[in-house]
Amino acid sequence: MSSKHPVVIYGASGYTGRLVAEYLREYHVPFVAAGRDADKLQAIMDKVPGIETATYECVAVEHTVEALTELFRGAKVVCNMVGPFATLGMDVAEAALAAGCHYLDTTGEQNWMIDVQERLGEAYAEEGLLLSPCVAQMYTNGEIAANIALEDHSIDTLDTLVLWGGDPTIASTASIFTILMADHLYLENNEYVAWPGGSTFNVAVPGQHETALVMTWGGIAHPVWFKDDPRVVTCKSRGGLFNQEVMAGVAQVVEIIETQVKPLPTAEEQQAAIAAITAQMPETVTPPRENPRVNRSLDSVIGSGPLGAVQVVLRGNNNYQQTALLQAHCAHALLTQPPRRVGFASACQAFGHRELLGVLQRFGLVGEPLLTRV
Ligand SMILES: NC(=O)c1ccc[n+]([C@@H]2O[C@H](COP(=O)([O-])OP(=O)(O)OC[C@H]3O[C@@H](n4cnc5c(N)ncnc54)[C@H](OP(=O)(O)O)[C@@H]3O)[C@@H](O)[C@H]2O)c1
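Next comes the structure, spelled out in C-alpha cells:
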C-alpha cells in the first residue's frame, strides 16, 4: 500500500467508517477506505461532504489475515470499524500487527477487549505499537470522566454510568447480541468478578427526576482499563438507553437469553435460538444522520474513597460522530508523535484524557464536565 495513505479505515462503508472519513478529511490525513465491496465503498464515499478535497482511495479486501496484512502494509494506523469484534476483530488485529501498524477500533465489547489484550497485547508492545480497542464514545467519554474524578488522589473506587439516545446501527445491534452471551465483569479489589447474569438496576440520572433502568451492558470497558491502574481498586460500570420503553424490551430479551438460550448445550443451538429471537424483532436499518436533539450521551462517574466522593458528569451529542472524531484524532496523533503507551492501552492511557476532552469540546460534541462533591 502507498505510503501516501498512512491510515486505513476498515469498514469504511459502514455508518461509523464514513464519519471517520469525514474527520480524517478535516485533519488532512490521506486514507484508504477499505471494505468488502469496492462499488459500495465508492458510492458511500461519494456522499461524504467535501470528500473531493480528501486524498483517499477505495480498496476491496477479503476478510482474511493474509489479505488484510497485504492491504495494511505500508500504512501506519488501522482504524477497524468491522464488528461484532468478538467474531470479526481478531483477524484484523493480527493483520495490523503483522503489517507493523498501530490498531484502533470502535468496539464496546468487554469480552473482545480482554481476549485481544491476552492474545496480542505483549506482541504489540514488543513491536512498539499501540493496540487500542474501544476508541469510541462508549466508553472513552466515561473514561475521561473517570480520570477527571481520579485527579482527586483520595479516590480509589469508580462507579460509572453511560446513557445514550438514538438508534443503533446494524453492526451495533449485532454487537449487543454478542455481548449478551458473554460474561460481564466488574472489578473488585483489582480482580475481575462476574455480574449475576441478567442483572438490571434502577439508577438516579443526573439532571432528571425519573430514575432509569440500566444493565451491565457486556461489562463495559472501564473495569478492563482500570484493572492495572494503581489508583483504582474497584470499578463497576452500567449503561443503557435513555428510551425506557426500549430498555424494558431489552430487559425482556436479556431474561430470555439467560433462561432459555444460555442453558442450551451447544453453541450451534444457542446461535439458532438467538437467530429465532432476532427474526421476531423489527429489522435493524442504518439510522439517519445524527441530530443533537435526538442523539445525546450522558456519562456520570462517582469516584469515592474512604474519606469522600466526587461525581463527574459529561454530556454530549451525536454519539457516532464523537466516536469517529476520536478515531480520526488518535490516528492523526499517531502519525505525528509516539503514543504515551504501547501495547494494550486505552485512548486516555495512550493520548491523555484532557487532550481527548479538549478535542471533543472543540468540535462541539461534548460540554464542560461538571464536578461535584457528593
Ligand atoms: N463503542 C461505541 O461507542 C461505538 C460507536 C460506533 C460504532 N461502534 C461499533 O463499531 C462497529 C461498526 O459500527 P457501524 O456503526 O459502522 O456499523 P454498520 O453501519 O453496520 O457497518 C458495519 C461495517 O462492517 C462491515 N462488515 C460487516 N460484516 C462484515 C464481514 N463479515 N466482513 C467484512 N466486513 C463486514 C460492513 O461492510 P458492508 O458495508 O459491506 O456490509 C460495514 O462496513 C459495531 O461493532 C459497533 O458496535 C461502537
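Residue 4 is where the sequence shown starts when you use my numbering, and the numbers rise one by one after that. Ideal placement from N, C-alpha and C gives every residue a C-beta, glycine not left out.
Can you give me the start and stop residues for the beta strand (DSSP E) that residue i sits inside?
| i | result |
| --- | --- |
| Ser240 | Thr237 to Leu244 |
| His105 | His105 to Asp108 |
| Ala207 | Thr203 to Ala207 |
| Val11 | Val10 to Tyr13 |
| Ala215 | Thr214 to Met218 |
| Val80 | Val80 to Asn83 |
| Glu194 | Glu194 to Ala197 |
| Glu191 | Leu188 to Glu191 |
Got a sec, what are the start and stop residues for the alpha helix (DSSP H) residue i sits in?
| i | result |
| --- | --- |
| Thr72 | Val68 to Phe75 |
| Gln324 | Asn322 to Thr339 |
| Phe354 | Ala350 to Phe354 |
| Ala174 | Ile173 to Leu183 |
| Asp42 | Ala41 to Met48 |
| Leu123 | Gln113 to Glu129 |
| Thr143 | Gln140 to Ala152 |
| Gly20 | Tyr18 to Glu29 |
| Val227 | His225 to Trp228 |
| Glu261 | Segment: none, Glu261 is in no alpha helix (DSSP H) and carries neither H nor E. |
| Thr375 | Element bounds for Thr375: not the alpha helix (DSSP H) but the beta strand (DSSP E), Leu373 to Arg376. |
| Gln273 | Ala270 to Ala282 |
According to DSSP, residue i sits in a beta bridge with which residue or residues?
| i | result |
| --- | --- |
| Trp167 | Leu244 and Ser300 |
| Val95 | In DSSP, Val95 forms no bridge with anything. |
| Ala37 | Tyr13 and Val62 |
| Gly346 | Leu133 |
| Ile2 | Residue 2 lies beyond the residue range present for the chain, which begins at 4 and ends at 377; the question has no answer from this structure. |
| Val369 | Gly319 |
Taking all protein chains shown into account, do 16 or more other C-beta atoms lie within 10 angstroms of the C-beta of residue i, making it buried, or fewer, making it exposed?
| i | result |
| --- | --- |
| Thr219 | buried |
| Ser157 | exposed |
| Thr110 | buried |
| Leu329 | buried |
| Asp3 | Outside the shown range of the chain (4 to 377) lies residue 3, about which nothing can therefore be said. |
| Gln340 | exposed |
| Ser5 | Here the model assigns Ser5 a pLDDT of 46, short of 50, so the residue's position is not dependable, and the following value carries that caveat. With fewer than 16 other Cβ atoms within 10 Å, it is exposed. |
| Val263 | Here residue 263 turns out to be Gln, not Val, going by the sequence shown. Its Cβ having fewer than 16 others within 10 Å, Gln263 is exposed. |
| Lys7 | exposed |
* Asked: Are at least three pairs of beta-carbons, each pair with one atom in the region 317-326 and one in the region 340-357, less than 8 Å apart?
  -> Here the region 317-326 does not lie against the region 340-357, with fewer than 3 beta-carbon pairs under 8 Å apart.
* Asked: Do the region 51-58 and the region 74-88 meet, that is, are 3 or more Cβ pairs less than 8 Å apart?
  -> No contact exists between the region 51-58 and the region 74-88.
* **Three CB pairs or more closer than 8 Å across the region 195-205 and the region 97-115** => Verdict: no, contact absent.
* **Three CB pairs or more closer than 8 Å across the region 64-75 and the region 86-97** => Look at the beta carbons and you see the region 64-75 touching the region 86-97: at least three pairs across the two are nearer than 8 Å.
* Does the region 230-249 come within contact of the region 125-139, defined as at least 3 CB pairs closer than 8 Å? -> Judged by Cβ distances under 8 Å, the region 230-249 makes no contact with the region 125-139, as fewer than three pairs qualify.
* **Inter-stretch contact at 8 Å, needing at least 3 Cβ pairs: the region 201-212 / the region 253-263** => Result yes; three or more Cβ-Cβ pairs closer than 8 Å.
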